[in-house]
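Using my numbering, read the sequence shown as starting at 90 and increasing by one per residue.
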Amino acid sequence: MKKTYHADEKGYYGNFGGSFVPEMLYPNMETLQNSYLEIMNEPSFKEEFNALLKDYVGRPSPLYFAKRLSSKYGTRIYLKREDLNHTGAHKINNTIGQILLAKRLGKKRIIAETGAGQHGVATATVCALAGMECTVYMGEIDIARQAPNVARMKMLGATVVAATSGSKTLKDATNEAIRAWINDPVEIHYIIGSVVGFHPYPDMVARFQSVISEEMKWQLMEKEGTENPDYVIACVGGGSNAAGAFYHYLDREDVKLVAVEASGKGVDSGESAATSVLGKEGIIHGSKTLLMQTEDGQIIEPYSISAGLDYPGVGPQHAYLFTSGRAEFLNATDDEAMKAGLELSELEGIIPAIETSHALAVLSKMKFKKDDIVVVNLSGRGDKDLSTYINYFNL
90 MKKTYHADEK GYYGNFGGSF VPEMLYPNME TLQNSYLEIM NEPSFKEEFN
140 ALLKDYVGRP SPLYFAKRLS SKYGTRIYLK REDLNHTGAH KINNTIGQIL
190 LAKRLGKKRI IAETGAGQHG VATATVCALA GMECTVYMGE IDIARQAPNV
240 ARMKMLGATV VAATSGSKTL KDATNEAIRA WINDPVEIHY IIGSVVGFHP
290 YPDMVARFQS VISEEMKWQL MEKEGTENPD YVIACVGGGS NAAGAFYHYL
340 DREDVKLVAV EASGKGVDSG ESAATSVLGK EGIIHGSKTL LMQTEDGQII
390 EPYSISAGLD YPGVGPQHAY LFTSGRAEFL NATDDEAMKA GLELSELEGI
440 IPAIETSHAL AVLSKMKFKK DDIVVVNLSG RGDKDLSTYI NYFNL
């Protein structure tokens, strides 16, 4: 049987994945597991989803040849411009799909978690579009460092609830969202923003984000005469943008997949989010994956200057891509990422999200041939991070 890197019918990627959910959510999860593929394959769903991606999100997003960046690193670098999507990141691809799914399931309210605020803004946006009540859970620390996105969510009509436990970041926001869902599983649909959590979320989110690599294939054919690059590089916290950028290349072993994690102040500093290096098998938010934890299973609080990457685990598909060797996992420190973000700004006139800057930071660590085709998924724009850039560089 041919090896696959996609989920099986029970949501497993090799040894990772599954659905470890509280009893209260069993009926909800069974309904979702039994219906998501059927709904996604309905012609009317596809037609509505594709029309919104085109006319509301602004797809296809450009595949831009970064001439000056390519000259700097002696190869051919393309940027997949997800930062140009409506709301400024790849997150909208998934929320458009999930709001249509929620409507077909008869749900009345939407909840979501967010770290950097990009998924929160994308969820608040589609809720406004659909006329549905929206509550977004966000860590207290992230609320402080991502103030522009908090303001956007409120303007869009969402209620933003601060998670004040633990590290007060993404993990804790997710905990709060799951608690809220358990209290009203019939009326609420939980729009998870990454390829994490119980089945079918990792597979469902990856499918909605797969439009990224689907477009890359025909765009590269137009520009380079081949649909397959030599490298696809993307940052990974939970890993949704990487899952979308990798999706249609998973079974093309000649396409090298590079996932970049945040190593914060250094992998061995005690302030890091490099799960592939520091994690071991465990269960978080309903799925088995690689997880940063102590010997007795307590979660180690992650750290990154990037609010979207400080998650103590990775999605189960990424855990499998790492342990199987299909993808290479690298990491970048805060300093390396910030300098890479400034470099792209100065060379190409594009200010990236700090999450994305981590992916750009590994260009200086890799060796390319001059004819290699390298695609970096530019997952989000840096407007939301301006205060961090200002403070870091004393601008």
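Ideal Cβ placement from N, Cα and C applies to all residues, glycine included.
As the structure is a prediction and not an experimental result, all values here were calculated from the model.
Q.
Taking a contact to mean a Cβ-Cβ separation below 9 Å, would you say Gly402 touches His447 in this structure?
A. Contact flag unset, no.
Q. Got a sec? Which residues, its chain only, sit under 8 Å from Lys473 by beta carbon, not counting five neighbours each side?
A. Taken in chain order, the residues that qualify are Gly177, Ala205, Gly206, Gln207, Gln235, Pro237, Asn238, Ala442.
**Q.** Residue closest to Ala541, alpha-carbon to alpha-carbon, out of Asp424, Thr203, Ile166, Phe297
**A.** Given a span of 90 to 484 for the chain in the structure shown, any question on residue 541 remains unanswerable.
Q. Hey, which unbroken runs of the alpha helix (DSSP H) at 4 residues or more fall wholly within the region 269-311?
A. Runs of the alpha helix (DSSP H) inside the region 269-311: 290-298.
Q | Three-state class that DSSP yields for Gln382 in the structure shown | A | If DSSP states are grouped into helix, strand and coil, Gln382 belongs with the strands.
Q) When the distance is taken between beta carbons, is Ala332 closer than 9 Å to Phe411? A) Cβ atoms of Phe411 and Ala332: not closer than 9 Å.
Q: Would you grab the beta carbon distance between Asn174 and Val146 for me? Rounded to a whole angstrom, and I think it's under 8 Å.
A: Contact between Asn174 and Val146 is confirmed by a C-beta separation of about 5 Å, below the 8 Å threshold.
Q | Of the residues Ser108, Ile200, Ser393, Tyr102, the one placed nearest Ser376, counting alpha carbons only | A | Proximity to Ser376 across Ser108, Ile200, Ser393, Tyr102 peaks at Ser108, based on C-alpha coordinates.
**Q.** Supposed close pair Ile322, Val465 - CB separation, criterion 8 Å
**A.** That pair is a contact at about 5 Å.
Q) Counting Cβ pairs closer than 8 Å, one from the region 363-370 and one from the region 220-232, do we hit at least three? A) Segment contact: the region 363-370 against the region 220-232, fewer than three CB-CB distances shorter than 8 Å; contact not assigned.
Q) How about Tyr167 and Val463: are their beta carbons less than 9 Å apart? A) In this structure, Tyr167 places its C-beta atom within 9 Å of the C-beta atom of Val463.
Q) Helix, strand or coil for Val225 per DSSP? A) Note: Val225 maps to strand in three-state DSSP.
Q.
Looking at the strands, I want to know which residues DSSP matches up with Thr422.
A. The partner list for Thr422 (beta bridge, DSSP) reads Gly353.
**Q.** Cβ separation of Lys260 and Ile389, assumed to be a contact under 8 Å, to the nearest whole Å
**A.** About 10 Å; that fails the 8 Å criterion.
(Q) So, at 7 Å on beta carbons, what are the nonlocal neighbours of Thr315 in its own chain, with the 5 sequence-adjacent residues on each side left out? (A) Leu309.
Q) What three-state label does DSSP hand Glu370 in the structure shown? A) Correct three-state label for Glu370: strand.
(Q) Does Ser395 come out as helix, strand or coil in the three-state DSSP assignment? (A) It is coil, neither helix nor strand.
Q | Buried versus exposed call for His179 [16 or more other C-beta atoms within 10 Å across all chains shown] | A | Buried, because 16 or more other Cβ atoms sit within 10 Å of the Cβ of His179.
Q) Should Ser160 be labelled buried (16 or more other beta-carbon atoms within 10 Å of its own) or exposed? A) Answer is exposed; the Cβ neighbour count stays below 16.
Q. Whole beta strand (DSSP E) runs in the region 151-228 with 3 or more residues, listed along the chain?
A. Counting whole runs of 3 or more residues, the region 151-228 contains the beta strand (DSSP E) stretches 152-154, 165-170, 198-203, 222-228.
(Q) Quick check: what's the CA-CA separation for Arg170 versus Arg148? (A) Between the alpha carbons of Arg170 and Arg148 lies a distance of about 10 Å.
Q. My guess is that Gly228 and Ser283 are in contact by the Cβ rule of under 8 Å, so how many angstroms apart are they, rounded?
A. With 8 Å as the limit, Gly228 and Ser283 do not qualify as a contact, their Cβ atoms being about 15 Å apart.
Q: Run the CB neighbour count on Ala140, radius 10 Å, all protein chains shown included, and call it buried at 16 or more, exposed below.
A: Exposed.
Q | Local Cβ density within 10 Å of Leu484, reported as buried at 16 or more and exposed below that | A | Around the C-beta of Leu484, fewer than 16 other C-beta atoms lie within 10 Å, and the residue is accordingly described as exposed.
(Q) Closer than 8 Å is the cut-off here; do at least three beta carbon pairs connect the region 123-134 with the region 186-193? (A) A contact exists between the region 123-134 and the region 186-193.
Q. DSSP puts Gly402 in a beta bridge; with which residues?
A. Looking at the DSSP assignment, Gly402 forms a beta bridge with Leu380.
Q.
For the pair the region 275-282 and the region 188-202, tell me if three or more CB-CB distances fall below 8 Å.
A. Yes: at least three Cβ pairs fall under 8 Å.
Q.
When you compare the CB positions of Leu379 and Thr93, do they come within less than 9 Å of one another, or not?
A. Not closer than 9 Å, so no.
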